[in-house]
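Participant: Numbering (UniProt numbering), first residue to last: 1 to 156. Have a look at the structure that comes next, please.
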């Protein structure tokens, strides 16, 4: 198995279909209503905000992998448009799944030597570091979503 195939599989595991840590985004979000996604618990981010946040970075990396520029900025990563209906929530999830599969496919197609090359500029490290960071970042927020879901269930 190539490095690019292995990394794309790791990304799919956390977002779309894996059970490396017993679950993934798609499984965890499959039973979250749009109202629960918007429910604020204390000072924690909402599930809707966390979902937007992860998608924001995936979408930005897809742009780079497609030959575009690196336009994402941390300060905008939680600027989520409101979720006002089931349709809004379903559209956010559908876009997350679609862009996640696109990201995984683009990574999978990369020659292994490109994975170790500079990502946009030398100061950002290489593609490998940035792709691995996306995977690790996703697991971090997946854990938060799991905990928030438990808190929501306990509050009902």
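All residues carry an ideal CB built from backbone N, CA and C; glycine is no exception. The structure presented is a predicted model; accordingly, all values stated were derived computationally and were not measured.
Going by CA-CA distance only, name the one from 153, 156, 148 that's closest to residue 42.
Facilitator: As a position in the chain shown, residue 42 is number 42, starting the count at 1. Of the listed residues, the one whose Cα sits closest to residue 42 is 148.
Participant: Near residue 100, what residues of its chain come up, given a Cβ to Cβ distance below 7 Å and the 5 sequence neighbours on each side ignored?
Facilitator: Mapped onto the chain shown, residue 100 falls at position 100. Once the five neighbours on either side are set aside, the close Cβ partners of residue 100 are 15, 16, 58.
Participant: Assuming contact is defined by CB atoms lying nearer than 9 Å, are residue 53 and residue 45 in contact in what I supplied?
Facilitator: Locating residue 53 in the chain shown gives position 53, counting from the first residue. Locating residue 45 in the chain shown gives position 45, counting from the first residue. Yes, they are a contact pair.
Participant: Among 155, 156, 151, 145, which has the Cα closest to the Cα of residue 27?
Facilitator: Counting from 1 along the chain shown, the entry for residue 27 is found at position 27. Checking every option, the nearest Cα to that of residue 27 belongs to 145.
Participant: Per the DSSP calculation, residue 126 is bridged to which residue(s)?
Facilitator: Stepping through the chain shown from its first residue, residue 126 is reached at position 126. In the DSSP output, where bridge partners are listed per residue, residue 126 has 118.
Participant: Note the first and the last residue of the continuous alpha helix (DSSP H) segment covering residue 54.
Facilitator: Mapped onto the chain shown, residue 54 falls at position 54. First-last of the alpha helix (DSSP H) with residue 54: 47–65.
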